[in-house]
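Student: Quick one: the structure is below, and I'll ask about it shortly.
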Amino acid sequence: MNSSRVFGRIPTVDNTSSPAVFVDRDGTIMQDADYCSDPKQVQIFPAVPEALRRLKSKGFKLIVITNQSGIGRGLFTIEQYRAVEAEVLRQLGNGLIDATYFCPDVPGQHSSCRKPAPGMIVQATREHRIDLSRSFFIGDKEIDAECGRNAGVRTIRVRTGFDRDAANSYADWIAVDLLEATKIILDQVDE
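As structure tokens, this is what we get:
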């Protein structure tokens, strides 16, 4: 498997530069199921759809950025990943997410897409004409904060994943959950 290739479903690109909120999936949008390979395991956090709708209404593109090393480890297939992705999108609501990027690479191998590398954000920025200076990354792990920093966006670490200790985080802000992270973002754009 080519480690420098980023996989994902990419919708049509528009011609205007927009801010984006890049969002991690497991532990941020949904309960972390540890190598989620079955749509029945998808449990979206209750406030997430409304929080994402608020961001969308303020002109943010919403782009999911997710490491999926379970594919590279042989724990599940790309088809199983896509079935889980379809269930996530269904539970969030039609048309809410602009794109999803995933990286199947395993830890320890050279990868330009596996977080904390910024490859997925770089690709999304190019394909969706994103203004990184007005963009944010929300995730539950330190690698999410590092990925956002590596791409040049402001970062928010949420405490909804397995590792809730955010002491000494590289993130610009720490939030209880995605709803609080949304409030932080909206406060920044309203200043």
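Numbering (our numbering), first residue to last: 8 to 198.
Glycine included, C-beta positions come from ideal geometry on N, C-alpha and C.
Computed from a prediction, not measured in an experiment: that's the story for all the values here.
Going by other Cβ atoms of all chains shown within 10 Å of its Cβ, with 16 needed for buried, is residue 85 buried or exposed?
Tutor: Result: exposed.
Student: If you measure between the beta carbons of residue 95 and residue 51, is that distance less than 8 Å?
Tutor: In contact: residue 95 and residue 51 (Cβ atoms closer than 8 Å).
Student: For residue 17, which residues from the same chain have a beta carbon less than 7 Å from its beta carbon, with the 5 sequence-adjacent residues on both sides left out?
Tutor: With a pLDDT of only 45 at residue 17, under the threshold of 50, the placement of this residue in the model should not be trusted; the figure read from the coordinates follows. So the list reads 106, 134, once near-sequence residues are dropped.
Student: Helix, strand or coil: which one does DSSP assign to residue 48?
Tutor: Three-state DSSP puts residue 48 in a helix.
Student: Which whole-angstrom value is the C-beta distance of residue 30 and residue 145, which I expect to be below 8 Å?
Tutor: Sure, about 5 Å apart at Cβ, within 8 Å.
Student: Decide yes or no for the touch test of the stretch 106–124 against the stretch 35–52: beta carbon pairs closer than 8 Å, at least 3 of them.
Tutor: The answer is no - the stretch 35–52 does not touch the stretch 106–124, with fewer than three Cβ pairs under 8 Å.
Student: Is it the case that the Cβ atoms of residue 162 and residue 171 are separated by a distance below 8 Å?
Tutor: Their beta carbons are not under 8 Å apart, which means residue 162 does not touch residue 171 by this criterion.
Student: Return the chain-ordered list of same chain residues with a C-beta closer than 6 Å to the C-beta of residue 83, the five sequence neighbours on each side being excluded.
Tutor: These residues qualify, in order along the chain: 44, 77.
Student: Among all the DSSP beta bridges, which residues are the ones paired with residue 137?
Tutor: 25, per the DSSP bridge assignment.
Student: Looking only at its chain, what residues have a beta carbon closer than 7 Å to the beta carbon of residue 10, apart from the 5 residues adjacent to it on each side?
Tutor: Because residue 10 carries a pLDDT of 38, less than 50, the predicted location of this residue cannot be relied on, and the following value inherits that uncertainty. Around residue 10: 112, 116, 117, 118.
Student: Any idea if residue 47 is buried or exposed, counting beta-carbon neighbours within 10 angstroms, 16 or more meaning buried?
Tutor: Exposed, because fewer than 16 other Cβ atoms sit within 10 Å of the Cβ of residue 47.
Student: Find the nearest neighbour of residue 74 within the set 42, 142, 129, 178, judged by alpha-carbon distance.
Tutor: Minimum Cα distance to residue 74 is reached at 42.
Student: In the structure shown, what three-state DSSP assignment does residue 60 receive?
Tutor: Note: residue 60 maps to helix in three-state DSSP.
Student: What residue ranges within the stretch 106–157 form continuous alpha helix (DSSP H) runs of no fewer than 4 residues, ordered along the chain?
Tutor: Listed in chain order, they are 126–135.
Student: Does the beta-carbon of residue 169 have 16 or more other beta-carbons within 10 angstroms, so that it is buried, or is it exposed?
Tutor: That one is exposed.
Student: For residue 108, which of 26, 153, 132 has the nearest alpha-carbon?
Tutor: Comparing Cα-Cα distances from residue 108 to each of 26, 153, 132, the minimum goes to 132.
Student: Determine the burial state of residue 23: buried for a count of at least 16 other Cβ atoms within 10 Å of its Cβ, exposed for fewer.
Tutor: So residue 23 ends up on the exposed side.
Student: At which residues does the beta strand (DSSP E) containing residue 182 begin and terminate?
Tutor: Taken as a continuous stretch (DSSP letters only), the beta strand (DSSP E) holding residue 182 covers 180–182.
Student: Considering only the alpha carbon of each residue, which of 53, 149, 26, 126 lies closest to residue 99?
Tutor: Looking at the Cα atoms, 53 is the closest of the given residues.
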